[in-house]
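Below you'll find the structure, written out as structure tokens, and then a few comments.
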Amino acid sequence: MPVKAPAGRKLRRSTDTQSFISSLPWIGPALLLILAIVVFPAGYMIYNSTRKISSVGTDLHSAGLANFSTIFADPALPRILANTFFWVVSVVLITVVISLALAQFLSKPFPGRTIVRMAVIVPWAASVVMTTTVFYYGLDPNYGIFNHFFVQIGLMDEGFGWTKNAIPAMAVSVVVAIFVSIPFTTYTLLAGLQAVPGDTLEAARMDGAGRWKTYLFVVLPQLRSALAVAVLINIINVFNNLPILKVMTGSIPGNSADTLMTYIFKVLQFDRRLDLSSALSVVNFAIVLVIVAIYVKTVKPMQEV
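Each residue of the sequence shown is one higher than the one before, counting from 17 in our numbering.
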């Protein structure tokens, strides 16, 4: 005989349904916005990845999984994935380390602290393309201010084309990405530091813990949620970043300096293959989802200490 659901469970479901319906006037616009700018584009991207589309954008016929077979057979893909891994890990790791130190410094009272805190926001407030372009021209081997400075202080004999070869261009891109990522990460961690109870720190000092032990065993555990959220947001932002790499490595021929995002851009802009770029975007989206799912499952950002 079928087992009937308990009356309490039915009542709870009914209450939840009524609550959802009554909240629709408030959350409805947000849901429609999510459907319009997230769900529909993602669904259309997946649809295009299974089609054969001409260079002028005409949908010719179904391609099944042929587009995915094509991109996975590309000999450049392993290098592109390796570049993407290096790009994300190096930027996020160095950004978090620097931001931890900077947040700790900015949490202490000192003359001019407000001005310094405001100065930290500047790279975040400025346009990423503008900031990257300044670095790009500053590194020009002929008239770049950075090259001129390095020559003047004796570090180099002549200007060097930092953005003309894959390895130095990727290294410079990492530096720029760290520069523009530090403000958000620093302020997220600074907010976490402000929430650390003062009596907890005082108790650690009373127990004889030094500065390093207090920071490692008292402060860092209290920063768990802020640190986890900052790392997660940085992973997503850096993984999907295009402007920095497009400006810094866009003039390098081939795919030696490409990440998934710049490769998608090249396939779409130069090859005019909307179907292949859509398939690459699906792969990129799937990788991000897997990384985020594993991270959230492992770290549990919202879990209390």
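Ideal Cβ placement from N, Cα and C applies to all residues, glycine included.
Quick one: what does DSSP say residue i is sitting in, helix, strand or coil?
| i | result |
| --- | --- |
| D291 | helix |
| L81 | coil |
| V304 | helix |
Do residue j and residue i count as a contact pair if the criterion is CB distance below 9 Å?
| i | j | result |
| --- | --- | --- |
| N99 | D215 | no |
| A264 | N300 | Reading off the sequence, residue 264 comes out as Met, not Ala. It is not a contact, given that the beta carbons lie outside the stated cut-off. |
| A295 | I110 | no |
| A193 | N257 | yes |
| L305 | L116 | no |
| G3 | P157 | Limits of the chain in this structure are 17 at one end and 321 at the other, which puts residue 3 out of reach. |
| L47 | A119 | no |
| V234 | V254 | no |
| F151 | F162 | yes |
Go through its chain and collect everything with a Cβ distance to residue i's Cβ below 8 Å, but skip five positions before and after it.
| i | result |
| --- | --- |
| T149 | V263 |
| P259 | V144, V145, T148 |
| L93 | I87 |
| A185 | W178, T179, M264, T265, I268, A273 |
| V136 | L118, L122, I198, P199, T202, Y203 |
Kindly list the residues whose CB is nearer than 6 Å to the CB of residue i, restricted to its own chain and excluding five residues on each side of it in sequence; keep chain order.
| i | result |
| --- | --- |
| F84 | A295 |
| V190 | S106, V107 |
| R288 | S71 |
Just to confirm my understanding: we take residue i, look at its own chain, exclude 5 residues before and 5 after, and list those with CB closer than 7 Å. What are they?
| i | result |
| --- | --- |
| D291 | N64, S65, R67, K68, I69, A79, N83 |
| V298 | M61, I62, S65 |
Inset, instruction - Could you pull out every unbroken alpha helix (DSSP H) segment of at least 4 residues lying fully inside the region 204-273, listed in chain order? - result: Listed in chain order, they are 214-222, 227-230, 240-255, 259-265.
Inset, instruction - Could you tell me which uninterrupted alpha helix (DSSP H) segments, each at least 4 residues in length, are contained entirely in the region 136-177, listed from first to last along the chain? - result: Counting whole runs of 4 or more residues, the region 136-177 contains the alpha helix (DSSP H) stretches 144-154, 161-168.
Legend entry - Every unbroken alpha helix (DSSP H) within the region 31-70, with a cutoff of 4 residues, ordered by chain: Correct list: 56-64.
Inset, instruction - Spell out a yes or no on whether the region 201-213 and the region 226-241 are touching, meaning 3 or more CB-CB pairs, one atom from each, closer than 8 Å. - result: Touching, yes, given that three or more Cβ pairs across the two stretches are closer than 8 Å.
Inset, instruction - For the region 100-120 and the region 186-205, state whether three or more C-beta atom pairs, one from each stretch, are separated by less than 8 Å. - result: Three or more beta-carbon pairs separated by less than 8 Å link the region 100-120 to the region 186-205, which places the two stretches in contact.
Legend entry - At least three beta-carbon pairs within less than 8 Å, the region 64-72 to the region 43-55: In short, these stretches do not touch, since the Cβ pair count stays below three.
Inset, instruction - Assess, as a yes-or-no matter, whether the region 244-251 is touched by the region 308-316 under the definition of 3 or more beta carbon pairs within less than 8 Å. - result: When C-beta atoms of the region 308-316 are compared with those of the region 244-251, three or more pairs fall below 8 Å, so the two segments count as touching.
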